[in-house]
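Sequential numbering of the sequence shown, starting at 0, is according to the numbering used here.
Cβ coordinates follow ideal geometry from the N, Cα and C atoms, glycine included.
Keep in mind it's a predicted model, so treat the numbers as computed, not measured.
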Amino acid sequence: MSEQATGERVAFKAEIKQLLDILARSLYSSREIFLRELISNASDALDKLRFESTRGAEIKDADAPYEITVGFDKDARTITITDTGVGMTKEELISQVGTIAKSGAAEFVKRVEAENGDASSVIGKFGVGFYSVFMVADEAEIVSRSFKPDAKTARWVSDGEGEYEVFELDEDRPRGTTVTLKLKEDAEEFADKERLSGAIKKHSNFISFPIKVEDEHVNTVGALWREPKSSVTSEQYSEFYKFLTYDGDDPLETAHVSVDAPIQFKALLFIPKREYDIFGLNRDDYGLDLYVRRVLIQRQNKELLPEYLAFVKGVVDSEDLPLNISRETLQENVVFNKIAQNVTTHVLKTLEKLAKDDEKKFAEFWREHGRVFKLGYTDYPNREKYAKLLRFNSSKAKDKTELVSLADYVSRMKEDQKEIYYFVGPSREAIDVDPRVEMFKRKDVEVLYLYDPIDELALSSLRTFEEKELKSADQADPAEIEKMPDANDEETTKAEPLSDDDELHFSSLVEKIKKTLGDRVEDVKVSKRLTGSPSCLVNPEGGMSGSMQKILRAANKGMATPKKIFEINKDHALTRNLLAIYKKNENDEFLTETIEQLFDAAQLLEGDLDDPHALVTRLNKTLEKSSGWYKSITEG
Ligand code: ADP
Ligand code: MG
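Spelled out as structure tokens, the structure:
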């Protein structure tokens with residue numbers, strides 16, 4: 000081949016060098032995936048060409064078949080992979096092969112380290128697949144002819160060390176790309192028909208274009224989603240899933256959808272066993288592949304499913320979309336939007352069925368993908384289906400891992416219970432001892448335990464479930480709960496009722512507390528919800544729950560905390576002591592301090608206490624005194 004004056008030597012950027020370094024050291028056993036990468040590039044190039052052709056672009060060698068040919072020369076220790084796809088010009092070779100987009104290399108390097116040096120499981124995902132050839136080759140050459148009729152043939156060559164060279168060539172050649180690898184000595188096994196065919200069958204069986212090794216067509220399965228369900232085995236689904244996602248595991252769940260009316264489409268949808276970090280490092284790595292009559296229109300289309308179902312992987316293929324539809328106008332297409340709605344419904348139905356048929360598997364799903372799924376509270380049209388799929392921990396669960404649905408809750412509601420109660424806290428242990436759930440326990444009324452702020456956003460935006468209002472426990476009306484029978488029939492030791500005289504004193508003690516706390520509280524009330532605790536703060540009914548205020552405050556730093564109602568437990572021993580002290584001297588200093596202490600403690604539980612210093616100082620003072628008393632008692 001004659002080199003032209005336009006030839007350029009270009010040094011690789013630092014991160015590519017690092018990448019090449021990793022690949023050179025990569026695991027011997029996974030080296031064969033270089034072939035998968037080259038074939039998927041060839042297949043992409045053919046997909047792109049088909050797309051151009053359906054758009055009516057002018058194409059060189061329009062009659063040449065769409066195919067991939069793999070050849071080898073044992074003696075010369077070379078292999079070649081040729082496709083008749085879009086090809087590349089010299090500039091494209093520089094920008095697409097020579098440079099790596101989206102800092103893919105750096106992310107790739109990070110991930111390989113996380114995978115203990117195994118590049119094969121992640122290489123396809125970072126736009127660096129081509130470079131896997133340097134696991135097996137001393138030198139790689141790309142000769143390419145773009146499909147654009149007046150383009151020039153171009154050549155790229157590198158030994159994978161520090162730089163590459165690109166040229167434009169004088170002689171024309173058929174449309175497409177040939178990659179030639181000069182194999183390393185220890186990789187000569189790949190210059191062999193069986194070895195090549197075997198690796199292709201294993202990794203590239205589902206490529207939808209013919210792959211030929213020495214004229215033999217080796218890939219046999221094409222568009223699996225177009226096959227009748229009855230003829231596809233679960234192994235084939237699994238294989239296809241792995242091919243599509245590079246996941247080493249089988250999918251958790253598979254749905255093969257075939258719809259004929261009112262619109263026609265077929266879909267193959269998978270729920271992975273593991274979460275893919277959708278909103279983390281690999282942000283763009285989600286979406287369904289959209290085909291129109293087997294022509295790939297867009298990989299990882301992000302509008303076929305709402306974001307909260309982004310964990311779903313798969314393929315959608317329709318006959319009812321125009322082949323020349325552009326990716327840009329998809330969203331305005333009525334048929335496309337109907338397909339998207341329908342795909343969403345199918346995913347929700349699949350989950351519903353899973354929840355019904357296999358509780359354990361559904362719990363697995365929830366643990367992996369629940370975090371993302373919960374974001375679906377904004378999907379108004381599907382809110383009923385969405386609500387049925389939500390899961391929470393609850394006071395009736397046997398431990399912190401057991402999951403409860405809203406339907407489970409409703410089935411256990413008390414006869415007169417009209418509302419569904421939930422409470423947000425950092426852990427099961429914390430909610431268990433919170434004063435505001437005491438009355439629910441006393442009455443054996445179930446409370447959903449919410450550990451994630453999103454849970455409450457979800458429930459409060461749903462507002463109701465099966466016409467029952469969803470309510471935060473700190474906003475429940477104690478009178479509603481009081482109506483229900485006590486949990487255990489044995490009379491719980493109730494405090495002595497106050498004499499009429501003491502009732503009066505107590506009322507004026509409440510006034511005293513009100514005066515002490517002043518405009519720091521909305522009101523002070525005798526509590527109907529408390530049993531074991533002396534006091535707590537509650538939110539006025541109709542206002543915002545405490546946890547919701549916290550979310551808003553976190554997002555909106557300057558926001559003031561709305562005033563709350565301070566409730567005091569009349570039957571608590573501490574309160575009774577205060578009453579006695581109050582009766583002796585209504586201006587007793589200890590009394591005022593204790594009121595302040597109770598208020599601060601309630602604020603602390605509510606998450607409203609900004610500065611704990613006053614509380615700690617007071618507590619230390621009290622402990623000092625009480626330890627003194629204790630000492631004098633024990634000394635007799
Ligand atoms: P990725 O395929 O993830 O983009 P690769 O490193 O495998 O990353 O390839 C980089 C780019 O090189 C591709 O996106 C494509 O633009 C171009 N390319 C590679 N192989 C071919 C080919 N056979 N035909 C046309 N373009 C190709
Ligand atoms: Mg690739």
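Fill in: Top-ranked residue by Cα proximity to aspartate 319, from Gln330, Lys301 and Val291
Against the sequence shown, residue 319 aligns to sequence position 320. Taking only the C-alpha atoms, the option nearest aspartate 319 is Val291.
Worksheet item: What separation, rounded to the nearest whole angstrom, lies between the Cα atoms of alanine 198 and aspartate 316?
Response: Position 199 of the sequence shown, counting from 1, holds the residue named residue 198. Position 317 of the sequence shown, counting from 1, holds the residue named residue 316. Their backbone Cα atoms lie some 28 Å apart in a straight line.
Discussion item. Alpha carbons only, please: which of Ala386, Ala260, Gly313 and Ser625 is nearest the one belonging to glutamate 466?
Written reply: In the sequence shown, residue 466 corresponds to position 467, counting from 1. The shortest C-alpha separation from glutamate 466 is found at Ala386.
Worksheet entry | Own chain partners of leucine 350 with C-beta closer than 6 Å, once the 5 adjacent residues on each side are dropped | Reading the sequence shown from its first residue, position 351 is the one you call residue 350. So the qualifying residues of the chain are Leu388.
Worksheet item: Is arginine 552 closer than 7 Å to methionine 558 when the C-beta atoms are compared?
Response: Locating residue 558 in the sequence shown gives position 559, counting from the first residue. Locating residue 552 in the sequence shown gives position 553, counting from the first residue. Their beta carbons are under 7 Å apart, which means methionine 558 touches arginine 552 by this criterion.
Practice prompt. Compute every distance between the C-beta of phenylalanine 372 and the non-hydrogen atoms of the ligand ADP, then say whether any falls below 6 Å.
Written response: As a position in the sequence shown, residue 372 is number 373, starting the count at 1. Result no, Cβ not under 6 Å from the ligand ADP.
Discussion item. Taking the alpha carbon of glycine 86 as the reference point, which residue from Val127, Ala150 and Phe107 has its own alpha carbon closest?
Written reply: Residue numbering aside, residue 86 sits at position 87 when the sequence shown is read from its first letter. Closest option to glycine 86, Cα to Cα, is Ala150.
Worksheet item: According to DSSP, is aspartate 236 helix, strand or coil?
Response: The count along the sequence shown starts at 1 and reaches residue 236 at position 237. According to the sequence shown, residue 236 is tyrosine rather than aspartate. Here tyrosine 236 sits in helix by DSSP.
Discussion item. Following a CB-centred definition, is asparagine 40 positioned closer than 6 Å to any heavy atom of the ligand MG?
Written reply: On the sequence shown, position 41 is the one that residue 40 refers to. Result yes, Cβ under 6 Å from the ligand MG.
Worksheet item: Roughly how many angstroms lie between the CA atoms of proline 705 and valine 346, to the nearest whole one?
Response: Nothing can be reported for residue 705: it is not among the residues displayed for the chain, which extend from 0 to 635.
Item to complete: Determine the direct distance from the alpha carbon of glutamate 66 to that of aspartate 288, and round the result to whole angstroms.
Response: One-based indexing of the sequence shown puts residue 288 at position 289. One-based indexing of the sequence shown puts residue 66 at position 67. Cα-Cα distance, rounded: 21 Å.
Item to complete: Kindly confirm or deny that the segment 207-220 and the segment 107-114 touch, where touching means at least three C-beta pairs closer than 8 Å.
Response: The segment 207-220 is not in contact with the segment 107-114.
Worksheet item: Between lysine 272 and the rest of its own chain, which residues show a CB-CB distance below 6 Å, the 5 nearest in sequence each way excluded?
Response: Indexing the sequence shown from 1 puts residue 272 at position 273. Same-chain partners within the cutoff: Asp248 and Leu251.
Item to complete: Would you decide whether alanine 260 is buried or exposed? Buried here means 16 or more other CB atoms lie within 10 Å of its CB.
Response: Numbered from 1 along the sequence shown, position 261 holds the residue referred to as residue 260. Its Cβ having fewer than 16 others within 10 Å, alanine 260 is exposed.
Worksheet item: For glycine 128, is the beta carbon positioned less than 6 Å from some heavy atom of the ligand MG?
Response: Within the sequence shown, the letter at position 129 stands for residue 128. Yes, since a heavy atom of the ligand MG falls inside the 6 Å radius drawn around the Cβ of glycine 128.
Discussion item. I'd like the span of the alpha helix (DSSP H) that includes asparagine 555, first residue to last.
Written reply: Counting from one through the sequence shown, the residue named residue 555 turns up at place 556. Segment: none, asparagine 555 is in no alpha helix (DSSP H) and carries neither H nor E.
Worksheet item: Apart from the five residues just before and just after phenylalanine 129, which ones in its own chain have a Cβ nearer than 7 Å to its Cβ?
Response: Along the sequence shown, read from residue 1 onward, the residue named residue 129 stands at position 130. Counting only Cβ-Cβ distances below 7 Å, and skipping sequence neighbours, we find Glu36, Asn40 and Val96.
Item to complete: Output the distance between the C-alpha atoms of serine 636 and histidine 612, rounded to the nearest integer angstrom.
Response: With the chain represented from 0 up to 635, any question about residue 636 goes unanswered, as that position is not in the structure.
Fill in: Inter-stretch contact (C-beta, 8 Å, three-pair minimum) for the segment 499-508 and the segment 407-423
Proximity of the segment 499-508 to the segment 407-423 falls short of the contact definition, fewer than three beta-carbon pairs being nearer than 8 Å.
Worksheet item: Does the beta carbon of glycine 424 fall short of 6 Å from some heavy atom of the ligand ADP?
Response: In the sequence shown, residue 424 corresponds to position 425, counting from 1. In terms of side-chain proximity, the C-beta atom of glycine 424 is found no nearer than 6 Å to any non-hydrogen atom of the ligand ADP.
Worksheet item: Which word fits isoleucine 632, buried or exposed, when buried means at least 16 other C-beta atoms lie within 10 angstroms of its C-beta?
Response: Counting from 1 along the sequence shown, the entry for residue 632 is found at position 633. Classification of isoleucine 632: exposed, given that the 10 Å Cβ count is below 16.
Discussion item. Do aspartate 60 and arginine 174 have their beta-carbon atoms positioned less than 7 Å apart in this structure?
Written reply: Reading the sequence shown from its first residue, position 175 is the one you call residue 174. Reading the sequence shown from its first residue, position 61 is the one you call residue 60. Cβ distance < 7 Å, so arginine 174 and aspartate 60 count as in contact.
Discussion item. Please classify glycine 627 as buried or exposed, where buried requires at least 16 neighbouring CB atoms within 10 angstroms.
Written reply: Stepping through the sequence shown from its first residue, residue 627 is reached at position 628. Glycine 627 is exposed by the Cβ-count criterion.
Discussion item. Please report the distance separating the alpha-carbon of glutamate 479 from that of serine 526.
Written reply: As a first step, residue 479 is located in the sequence shown; it is residue number 480 there, counting from the start. As a first step, residue 526 is located in the sequence shown; it is residue number 527 there, counting from the start. When rounded, the distance between both Cα atoms is 13 Å.
Worksheet item: Sorry if obvious, but does the Cβ on methionine 87 come closer than 6 Å to a heavy atom of the ligand ADP?
Response: Mapped onto the sequence shown, residue 87 falls at position 88. Distances taken from the Cβ of methionine 87 to the heavy atoms of the ligand ADP include one shorter than 6 Å.
Discussion item. Check this for me: beta carbons of threonine 530 and arginine 411, under 7 Å apart or not?
Written reply: Along the sequence shown, read from residue 1 onward, the residue named residue 530 stands at position 531. Along the sequence shown, read from residue 1 onward, the residue named residue 411 stands at position 412. Judged by beta-carbon spacing, arginine 411 lies beyond the 7 Å limit of threonine 530, meaning their Cβ atoms are not closer than that value.
Practice prompt. Give a yes or no on contact between the segment 433-452 and the segment 415-423, applying the rule of three or more CB pairs nearer than 8 Å.
Written response: With the cut-off at 8 Å, the segment 433-452 and the segment 415-423 touch.
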